[in-house]
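Visitor: This structure is in structure tokens; I'll ask about it shortly.
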Amino acid sequence: MISKTEDFIIAGTEVSPGTRRTLELPVASLYSHAPMTLPVQVVCGRHEGPRLFVSAALHGDEINGVEIIRRLLRLPSLQKLRGTLLAIPIVNVYGFVNRSRYLPDRRDLNRSFPGSVRGSMAARLADLFLKEIVDRCNYGIDLHTGAIHRENLPQIRANLDDEETARIARAFHVPLLLNSDLRDGSLREIAAERGIPMLLYEAGEALRFDERAIRAGVKGIVAVMRELKMLPATSRRRKQSEPLVARSTYWVRAEQSGILRSTAALGTRVRKGETIGVIADPFGAQEHDVHATNHGIIIGRTNLPLVNEGEALFHIARFESTREAANIVDAFQSDELPLGPALDEEPPIV
Ligand SMILES: [Zn+2]
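If you want it as structure tokens, here you go:
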């Protein structure tokens with residue numbers, strides 16, 4: 078599916094080849110009478126090519142993706158774009174304003190697809206996003222972070238059983254891929270149903286910026302756009318290790334409530350039975366070791382040391398070869414991830 082070099086029409090607005098426009102799609106206004114809109118920037122290439130959407134903050138407090146999209150839109154190479162890029166930095170505009178994952182009706186937008194015009198507030202926003210954005214595209218990349226106080230190692234989640242999805246997942250420069258085919262009302266599920274290959278990028282923590290996660294995100298999107306021939310191939314090819322697909326993942330939970338001292342960082346290789354943290358009461362009288370229940374790599378972790386019994390502490394992915402996975406993660410973490418001249422002028426976020 079290749080779009081022709083003609084005006085791209087969205088919400089009654091035409092965007093001509095070789096131009097970009099920022100549009101405001103009307104959504105339910107605030108009860109203060111203030112209008113609310115969903116901002117979208119359309120970059121229409123001079124030449125024909127695929128249509129790709131890149132979205133962030135479907136969960137309103139997951140803001141790394143907002144910065145990823147800002148940097149993406151500043152890249153000079155977009156002047157050579159083939160096809161159309163739809164950038165939606167803040168999908169859950171209500172949650173973003175409230176610094177919340179959810180909508181004001183307490184629903185999760187990423188469980189509300191396909192949505193409906195007459196449904197809940199979340200269902201209506203889902204319906205609008207689907208009709209105006211997803212249905213006009215051939216590919217999608219949705220940017221997420223861990224939940225509040227939870228950090229994720231940069232990873233791609235996608236339905237890798239679909240060949241085209243697997244191809245773009247491998248092109249994205251992260252060490253780890255998680256295969257998932259969920260039936261949960263997520264954007265990813267609905268995109269798959271419509272035959273639109275879509276990646277979900279997970280990196281960092283809610284309400285925080287993480288420079289490494291942001292850089293890896295920008296670099297990954299650019300790499301996917303090159304794979305799709307939306308951007309010209311890079312002249313200097315760097316040696317890239319193939320990402321590994323996790324066989325499965327599991328959670329290590331708190332066996333008791335208390336204060337956690339984690340002894341294993343994100344990206345660490347762990348062995349079955351290894352102690353990865355200690356939970357204690359404030360007096361240190363009751364100390365309880367936290368063990369990895371299997372081999373693997375820590376791909377997610379709580380950053381909040383105050384834990385209740387049953388809470389998820391570590392997310393661990395298992396691989397055919399844990400050693401190989403650890404090497405790939407190490408190589409990724411020591412990589413400097415340059416962004417190119419235009420963006421390297423900007424000071425990194427620290
Ligand atoms: Zn999310």
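Numbering of the sequence shown is given in my numbering, commencing with residue 78 and proceeding in unit increments. The beta-carbon is built from N, C-alpha and C at its ideal position, and this holds for glycine as well.
Taking DSSP as the reference, what is the three-state secondary structure of M113?
Guide: Three-state DSSP puts M113 in a strand.
Visitor: DSSP beta-bridge partners for V355?
Guide: Answer is R338, D366, bridged to V355.
Visitor: Starting from Q156 and walking both ways along the alpha helix (DSSP H), at which residues does that stretch end?
Guide: Looking at the DSSP string, Q156 is not in any alpha helix (DSSP H), and its letter there is neither H nor E.
Visitor: Can you give, in chain order, each stretch of the alpha helix (DSSP H) that sits fully within the region 125-209 and has at least 4 residues?
Guide: For the region 125-209, whole alpha helix (DSSP H) runs of length 4 or above, ordered along the chain, are 141-151, 170-175, 198-209.
Visitor: Could you pull the start and end residues of the alpha helix (DSSP H) that M302 belongs to?
Guide: Per DSSP, M302 belongs to the alpha helix (DSSP H) from 288-304.
Visitor: Run through DSSP, which three-state label would V427 get?
Guide: Here V427 sits in coil by DSSP.
Visitor: Alpha carbon to alpha carbon, how far is S80 from P424?
Guide: With a pLDDT of only 49 at S80, under the threshold of 50, the placement of this residue in the model should not be trusted; the figure read from the coordinates follows. Their Cα atoms are separated by approximately 37 Å.
Visitor: Looking at the structure shown, is E27 part of a helix, part of a strand, or coil, going by DSSP?
Guide: Absent from the structure is residue 27, since the part of the chain shown begins at 78 and ends at 427.
Visitor: Do the region 397-406 and the region 266-284 touch if we need at least three Cβ pairs shorter than 8 Å?
Guide: Because the criterion of three Cβ pairs below 8 Å is not met, the region 397-406 and the region 266-284 do not touch.
Visitor: Going by other Cβ atoms of all chains shown within 10 Å of its Cβ, with 16 needed for buried, is K349 buried or exposed?
Guide: Per the 10 Å Cβ criterion, exposed.
Visitor: Between the alpha carbons of K296 and E282, how many angstroms are there, rounded?
Guide: If I take the Cα positions, the gap works out to 19 Å.
Visitor: Beta-carbon within less than 6 Å of I429's beta-carbon, same chain only, minus the 5 sequence neighbours each way: which residues are those?
Guide: Any question about residue 429 goes unanswered here, given that the chain covers just 78 to 427.
Visitor: Could you check whether the Cβ of H136 sits closer than 7 Å to any heavy atom belonging to ligand 1?
Guide: True, at least one ligand heavy atom lies under 7 Å from that Cβ.
Visitor: Can you give me the C-alpha to C-alpha distance between T326 and S93, rounded to a whole angstrom?
Guide: So the two alpha carbons sit approximately 45 Å from each other.
Visitor: With I210 and L163 assumed to form a contact (beta carbons below 8 Å), what rounded beta-carbon distance in angstroms separates them?
Guide: About 6 Å separates the two Cβ atoms, so the contact holds.
Visitor: According to DSSP, what are the bridge partners of E228?
Guide: Its beta-bridge partners are E282, R378.
Visitor: With DSSP as the reference, please indicate the residues paired to P103 in a beta bridge.
Guide: Partner(s): T114.
Visitor: Given 8 Å as the limit, is there contact between the region 367-382 and the region 214-232, that is, 3 or more CB pairs closer than that?
Guide: Yes, they touch.
Visitor: Under a Cβ-count criterion, where at least 16 other Cβ atoms within 10 Å of its own Cβ denotes burial, should V174 be classed as buried or exposed?
Guide: V174 comes out exposed.
Visitor: Return the bridge partner residues of G217 from the DSSP annotation.
Guide: G217 pairs with F130, M275.
Visitor: Going by Cα to Cα distance, which pick from L180, L321, L220 is closest to L438?
Guide: In the structure as shown, the chain starts at 78 and stops at 427, and residue 438 therefore has no counterpart that could be examined.
Visitor: With L205 and L102 assumed to form a contact (beta carbons below 8 Å), what rounded beta-carbon distance in angstroms separates them?
Guide: Their Cβ separation, rounded to whole angstroms, is 6 Å, which keeps L205 and L102 in contact under 8 Å.
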